[in-house]
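According to numbering that gives the first Met the number 0, the sequence shown is numbered sequentially starting from 0.
Working notes, structure below.
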Amino acid sequence: MNRSLAGITVVAIEQAVAAPLASCRLADAGARVIKIERDTGDFARHYDTLVESQSAYFIWLNRGKESVCLNLKDDDDVVLLRRIISKADVVLQNLKPNSLQKLGLGAMDLRADRPDLITCNISGFGERGDYSHLKAYDLIVQAEAGLCAITGDSQSPARVGVSVCDISAGMSAHTAILQALFERQRTGKGSNIEISLFDCIADWMNVPYLQLRYGKRDTKRSGVHHASLCPYGAYRCNDGIDIVLSVQNDREWVRFCETFLENPKLAKDERFSDNMSRLKNRKKLDTIVSSRFGSLSSKEVMVALEKAELAYGRMNDLSALTTHSHLRTMRVDTENGPVSVIAPPLIQSSVVADVRKVPGLGANTDAIREEFG
Numbered sequence: 000m001n002r003s004l005a006g007i008t009v010v011a012i013e014q015a016v017a018a019p020l021a022s023c024r025l026a027d028a029g030a031r032v033i034k035i036e037r038d039t040g041d042f043a044r045h046y047d048t049l050v051e052s053q054s055a056y057f058i059w060l061n062r063g064k065e066s067v068c069l070n071l072k073d074d075d076d077v078v079l080l081r082r083i084i085s086k087a088d089v090v091l092q093n094l095k096p097n098s099l100q101k102l103g104l105g106a107m108d109l110r111a112d113r114p115d116l117i118t119c120n121i122s123g124f125g126e127r128g129d130y131s132h133l134k135a136y137d138l139i140v141q142a143e144a145g146l147c148a149i150t151g152d153s154q155s156p157a158r159v160g161v162s163v164c165d166i167s168a169g170m171s172a173h174t175a176i177l178q179a180l181f182e183r184q185r186t187g188k189g190s191n192i193e194i195s196l197f198d199c200i201a202d203w204m205n206v207p208y209l210q211l212r213y214g215k216r217d218t219k220r221s222g223v224h225h226a227s228l229c230p231y232g233a234y235r236c237n238d239g240i241d242i243v244l245s246v247q248n249d250r251e252w253v254r255f256c257e258t259f260l261e262n263p264k265l266a267k268d269e270r271f272s273d274n275m276s277r278l279k280n281r282k283k284l285d286t287i288v289s290s291r292f293g294s295l296s297s298k299e300v301m302v303a304l305e306k307a308e309l310a311y312g313r314m315n316d317l318s319a320l321t322t323h324s325h326l327r328t329m330r331v332d333t334e335n336g337p338v339s340v341i342a343p344p345l346i347q348s349s350v351v352a353d354v355r356k357v358p359g360l361g362a363n364t365d366a367i368r369e370e371f372g
């Protein structure tokens, strides 16, 4: 665990994925994260029972936190929450819009008393606008932002297979909180941060947005082929294994034709001479590329692509991921025993080995009541 945020206290009034991801990263960096839950718990605790009878979502996102059960409809518990917040550096929340404002715990209320406090509010569609009052979850935002429309194959749209809107919002919140902590260190002033799932994933939609707005090019669903580059996608070898090939520029295209396709004249064919031409004639080009892949085994394809210095990868399934040579894992302790989770991507020299604990529901309630009561 990195200790760079030791001494920072975060109150996380959170549920599901987006806010828990942000607070998990803060806990990984040494912050004290006090997770506020209702008596039934963060509902992500009950998404599934597949990890030693516990939820995969909850195990993933809640290591290193303290769990405190409070009833925010009870005046005494609201008073206790205020006391906890009075000692905090950061308050992070992703409850239903206006839930905390009704209790006098909105960002403006909290920061009126504590101008050095950093508040971060995660919502579906932001705090203003037609949809700002609505609950919003990942797939809803994927659909609203047009992500589903460009995901899938020609037959139907699809959901991205992981909670990408939640994850992007959590990542953005984490970054914004770190920036705010740095600013406070310099100026002594806190700030209020607004993050919406829609804004985060809309930002990631910039390439298809710009292509449509300025180039009148409407991105079409292309399955496991890249929508903007060609050839870039999955091709089947004669042993039934799919290999993903990426040609990123015209220099690589020439090398691909000469070394892999063994057809140097194709590189100068006006139908394929640049990326826009290749996209326009993708079906014809894919027929040529697929024929070459289909004449070779996957091992032969990988050797040839490496010789051509081109990027490639195998179309792995989840089982292959679990044994991948580059997969880094870490141990976390849970109520039902130790669990191996995929490690976060940060590799830093100052990180020390540390086993984190996923808290049971309300595991720290008594201790917190004694500390702040």
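We put the beta carbon where it would ideally sit given N, CA and C, even for glycine.
Keep in mind the model is a prediction, meaning the values are calculated, not measured.
Euclidean distance between Cα positions of residue i and residue j
| i | j | result |
| --- | --- | --- |
| A55 | Q210 | 38 Å |
| L376 | L304 | Because residue 376 is not part of the residues shown, which for the chain are 0 to 372, the question remains open. |
| I166 | G189 | 25 Å |
| A30 | K283 | 55 Å |
| L138 | D268 | 43 Å |
| Q100 | M107 | 9 Å |
| L177 | R220 | 36 Å |
| I12 | I121 | 11 Å |
| K95 | K134 | 6 Å |
| C68 | E36 | 5 Å |
| P337 | S290 | 48 Å |
| D76 | I367 | 12 Å |
| P207 | D241 | 27 Å |
| M204 | D198 | 10 Å |
| A179 | I117 | 7 Å |
| F292 | A310 | 15 Å |
| M301 | F259 | 10 Å |
| Q141 | L60 | 21 Å |
| L320 | V161 | 15 Å |
| V439 | A226 | Residue coverage of the chain in this structure runs from 0 to 372, which leaves residue 439 outside it and unanswerable. |
| E257 | G239 | 25 Å |
| E65 | R82 | 16 Å |
| E126 | H132 | 8 Å |
| S22 | V223 | 33 Å |
| E182 | A201 | 26 Å |
| G359 | A175 | 29 Å |
| N363 | C164 | 30 Å |
| F255 | I84 | 59 Å |
| R158 | G151 | 8 Å |
| L295 | N315 | 19 Å |
| R270 | N280 | 6 Å |
Residue i beta carbon near the ligand COA (any heavy atom closer than 6 Å)
| i | result |
| --- | --- |
| D73 | Ligands are entirely absent from the displayed structure, and the ligand COA is therefore not among its contents. |
Integer-rounded CB distance, given that residue j should sit under 8 Å from residue i
| i | j | result |
| --- | --- | --- |
| D27 | P343 | 6 Å |
| V32 | G63 | 7 Å |
| I58 | V340 | 7 Å |
| L71 | L102 | 6 Å |
| G187 | D115 | 6 Å |
| Y234 | S245 | Contact flag wrong, Cβ pair sits at about 11 Å. |
| N97 | Q14 | Their Cβ separation, rounded to whole angstroms, is 16 Å, which puts N97 and Q14 out of contact at 8 Å. |
Simplified DSSP assignment, three categories, for residue i
| i | result |
| --- | --- |
| K279 | helix |
| A233 | strand |
| V243 | strand |
| N205 | helix |
| I367 | helix |
| N191 | strand |
| G169 | helix |
| V16 | coil |
| S339 | strand |
| G361 | coil |
| A157 | coil |
| G40 | coil |
| H323 | coil |
| P263 | helix |
| I346 | coil |
| S46 | Per the sequence presented here, residue 46 reads as Tyr, with Ser not at that position. In the structure shown, Y46 sits in coil (DSSP, three-state: anything other than H, G, I, E or B). |
| L146 | coil |
| E269 | coil |
| A21 | helix |
| D238 | coil |
| G214 | helix |
Opposing strand residues paired with residue i [DSSP bridges]
| i | result |
| --- | --- |
| H225 | In DSSP, H225 forms no bridge with anything. |
| E65 | I33 |
| S3 | Beta-bridge pairing links S3 to no other residue. |
| R355 | V331 |
| P9 | The sequence shown places Val at residue 9, rather than the Pro named in the question. Paired residue(s): V32 and V89. |
| G151 | P156 |
Output the residue ranges of the alpha helix (DSSP H) runs that lie fully inside the region 283-320 and measure 4 residues or longer, sorted by chain position.
-> 297-306
Give, in chain order, every unbroken run of the beta strand (DSSP E) that is at least 3 residues long and sits entirely within the region 50-132.
-> 64-68, 89-92 and 117-122
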